[in-house]
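Student:
Numbering (the working numbering), first residue to last: 9 to 887.
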């Protein structure tokens, strides 16, 4: 067996399958494109779905890749096991309806065992197969695997519900008795079991069936091969390391962490080793994630990044590392991965700065979390309780980044335990919310055999034509090819068409299909790409259409014209954003409609009004400069080198590309339709800017007639405002508005002062009414006041020390409010304001919480305030 570096192994795998006629697909971004079912790209096949479900037919049905992936479902196991990682690479070879078992099994055997390639000992390989898959078992025996090394396991069937599925075959490598961590008679001590001796190398999925919604399994029209080989595991085997973390993919990171620690060394302490591994893994993950445009935030992908950074920081503290340090590991990650992923080193300054800022933010949050935890521990100690509530443990985890094990450690030091079942319940509720937010979308659709089989060529000629004569080549109705159609819905393919198919954010053309007498026979409502690339027209038929007949195809010219203008505006806006916000800004999606345009870009900060003005000024200046918009079709490498063209959004491009050039200001790959000259846009105006997700902002804008109408409507609103303010000139509106704001502030201040006086007068009456309940002095009353007034009374009560416990209810604007305050003496006897408020808030149909000394609640049932106060008194009696 060869001893190779990770870079050599990756290259060898890709080279091997290239010799077998495969096209190497570049690793896609970790941030999925047009796939709402995924938070991250999590497998090699994830970026190839369009080929496997038949949406697109690839130029070459044989594909191989090394795909960077992120999975966080087992994050708590990272560092504790030999092979759990959040970031990993998946090596894969794929067949889209081409080769199948007879080819892929000998190839897998050849790559693993041939002296020309990895040169593994075939006698150390074990194969698991699906019991009913006799063909696979025979093929493995034919290539040279001993019969007693071919196991039949019921779990060897890949099925994710509706969609493609089929049996699979896993390849395991026997690392020898020295790696055996189980007793000989342990039921997991076999290839495929949970053990360290037999390491899974490769999984080959024979995707030959469709799992129907009814539960029935039927054969797929085209059988596919989908394989996955974890690079980190393979490197561990070839480099002879105990775990993945001693390989050249991780060890340089761990070595550098040692220099940052307080003298800790990897391999000397089990607990320290866990921290070293977590830091090394998370450094890789966040470096690649930020490099691919995801930024720390409180939701979605951003939350994952934030959580990983915080987890790494906490483990750094365990190693004696104080202050930000994770960002220092970015250059190390870049150096390790540079041979195949140069982007990390190319962006190392930006990535490191992003991580450092997040580390600094967390240091503040961490202190808040420690304060909360210490407060919880103090409360438990005073009340002689021994268990930290599961909800509190989850809050520490979810809000402050405390892993459960860290809360457990702190609790153990204080002689306490953690309600781990309660923690798990809260965790499951959060996961359920996340699943609900993602919806019930299928991860991979089923193949459409009819459309996949249609290979009639069709040429798009719409760049230069709005109307042409064309021959109808294919008619599809209800997923079947027909010779003619006279009414209803149909899908049509012509030998050529002026109709643009939806792509790259630009909506499809609409229009009509006419017979040779000029009569409309169908309305085109949408145009999409068929699996083999043709423009397929979705139409409503009003008169007979016949295959091989000639028709007149006319697009809606006004619709197309407005779309063209807005598409050109997105190119100008894209470049303007780079100038105003920064070079790191890139497109994250777009929509080009006739009435407006939408442009998404990566940023954690909202655009300021000044930035929006600059963007508008730049784009409008380019419009007024009347710049010709040129298009040219070039080989992709020539376009990159000679023109310096850049890609829009994460689109995939072929060998030949269309370049759209607006002077030397904007040069981009784009297959859409555009204005002939920027002057055609007339005017550009941004109408809104907002956040739409984790680290993603959205700009909406209009051009031409829509821009004029928008500005006109805004002017009318300003004129109406001026009339209402009794202002004669529009230029005086801002100063008058400022004056009114100041006057409103003064009135509000005066109103608050009056409320304070009234509150003081009420307090004298309220605080004189003290009851004795269970040896506590209690003041309990309901008054007509809002929450702000109740809090003011509670502050005055605290200063006056009028009683041990205060319970106030208030009603205002059909809303109910409750405040509970408890002095230190009552707290020492176990009374907690937060506990009391939780028990009584239900009476006002509300909820609340707070600290042991002060808590509040709001509700929508003022009629329940009297009952709430009586319940509070009953609660106090129980102490």
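Even glycine gets a Cβ: it sits at the ideal position worked out from N, Cα and C. Since the structure is predicted, the reported quantities are computational estimates derived from the model, not experimental observations.
1) Under 9 Å between the Cβ atoms of residue 181 and residue 161?
2) Among the candidates 169, 869, 787, 689, whose CA atom is the shortest distance from the CA of residue 634?
3) Could you spell out the range, first to last residue, of the alpha helix (DSSP H) harbouring residue 634?
4) If you draw a straight line from the C-alpha of residue 101 to the C-alpha of residue 233, how long is it?
5) Taking only three categories from DSSP, how would you classify residue 561?
6) What do you reckon, is the C-beta of residue 430 under 8 Å from a heavy atom of the ligand FAD?
7) If we require 4 or more residues per run, which alpha helix (DSSP H) segments fall completely within the stretch 751 to 801?
8) Only counting runs of 4 or more residues, tell me where the alpha helix (DSSP H) segments fall wholly within the stretch 315 to 395, in order along the chain.
9) Below 9 Å between beta carbons: does that hold for residue 791 and residue 777?
10) For a test of the three-state rule: what should DSSP assign to residue 698, helix, strand or coil?
11) How many whole angstroms separate the CB atoms of residue 866 and residue 802, which I take to be in contact at a CB cut-off of 8 Å?
12) If you follow the beta strand (DSSP E) that residue 99 is part of, which residue opens it and which one closes it?
13) Quick check on residue 182: does DSSP put it in helix, strand or coil?
14) The alpha helix (DSSP H) with residue 117 in it runs from where to where?
15) For residue 431, which three-state DSSP category applies?
16) Going by C-alpha distance, which of 726, 111, 819, 126 is nearest residue 150?
17) Output the distance between the C-alpha atoms of residue 80 and residue 696, rounded to the nearest integer angstrom.
18) According to the neighbour-count rule (16 or more other Cβ atoms, all chains shown, within 10 Å of its Cβ), is residue 72 buried or exposed?
19) In terms of DSSP beta bridges, what is residue 176 paired with?
20) Looking at the structure shown, is residue 135 part of a helix, part of a strand, or coil, going by DSSP?
21) DSSP three-state label for residue 153, please.
22) If we ignore side chains and look at the alpha-carbon of each, how far apart do residue 98 and residue 35 end up?
23) Residue 446: buried (16+ other C-beta within 10 angstroms of its C-beta) or exposed?
24) For the alpha helix (DSSP H) containing residue 264, name the first residue and the last one.
25) DSSP on residue 166, reduced to helix/strand/coil?
26) Given this structure, state the Cα-to-Cα distance separating residue 436 from residue 505, to the nearest angstrom.
27) Take residue 523 and list the residues in its own chain whose beta-carbon comes closer than 6 Å to its own, dropping the five residues that flank it on each side.
28) Just checking: is the beta-carbon of residue 462 within a distance shorter than 9 Å of some beta-carbon in chain C?
29) Here's the rule: buried if 16 or more other CB atoms are within 10 angstroms of the residue's CB, otherwise exposed. What is residue 142?
30) Might you give, ordered along the chain, the residues of its own chain that have their beta carbon closer than 6 Å to the beta carbon of residue 327, omitting 5 neighbours on each side?
31) Over what stretch of residues does the alpha helix (DSSP H) that includes residue 724 continue unbroken?
32) So what's residue 510 in DSSP terms, helix, strand or just coil?
33) Would you mind reading off the limits of the alpha helix (DSSP H) that contains residue 18?
34) Count the other CB atoms within 10 Å of the CB of residue 17; is the residue buried (16 or more) or exposed (fewer)?
35) Using 9 Å as the threshold, is the C-beta distance between residue 692 and residue 627 below it?
36) Taking the alpha carbon of residue 617 as the point to measure from, which residue in 589, 308, 556, 125 has its own alpha carbon closest?
Tutor: So, from the data block:
1) no
2) 689
3) Note, residue 634: premise wrong, no alpha helix (DSSP H); not H, not E.
4) 8 Å
5) strand
6) In the structure shown, the ligand FAD is absent, as is every other ligand, since no ligand is present at all.
7) none
8) 338 to 345, 351 to 354, 356 to 390
9) no
10) strand
11) Not really, about 15 Å apart at Cβ, beyond 8 Å.
12) 95 to 104
13) strand
14) 109 to 121
15) helix
16) 111
17) 35 Å
18) buried
19) 213
20) strand
21) coil
22) 10 Å
23) Per-residue confidence for residue 446 stands at a pLDDT of 46, beneath the threshold of 50, marking its modelled position as unreliable; the derived number appears in the next sentence. Exposed, since its Cβ has fewer than 16 Cβ neighbours within 10 Å.
24) 259 to 268
25) strand
26) 52 Å
27) 529
28) The question asks about chain C, but that chain is absent: this structure has only one protein chain.
29) exposed
30) 269, 272, 283
31) 712 to 732
32) coil
33) 14 to 27
34) buried
35) yes
36) 589
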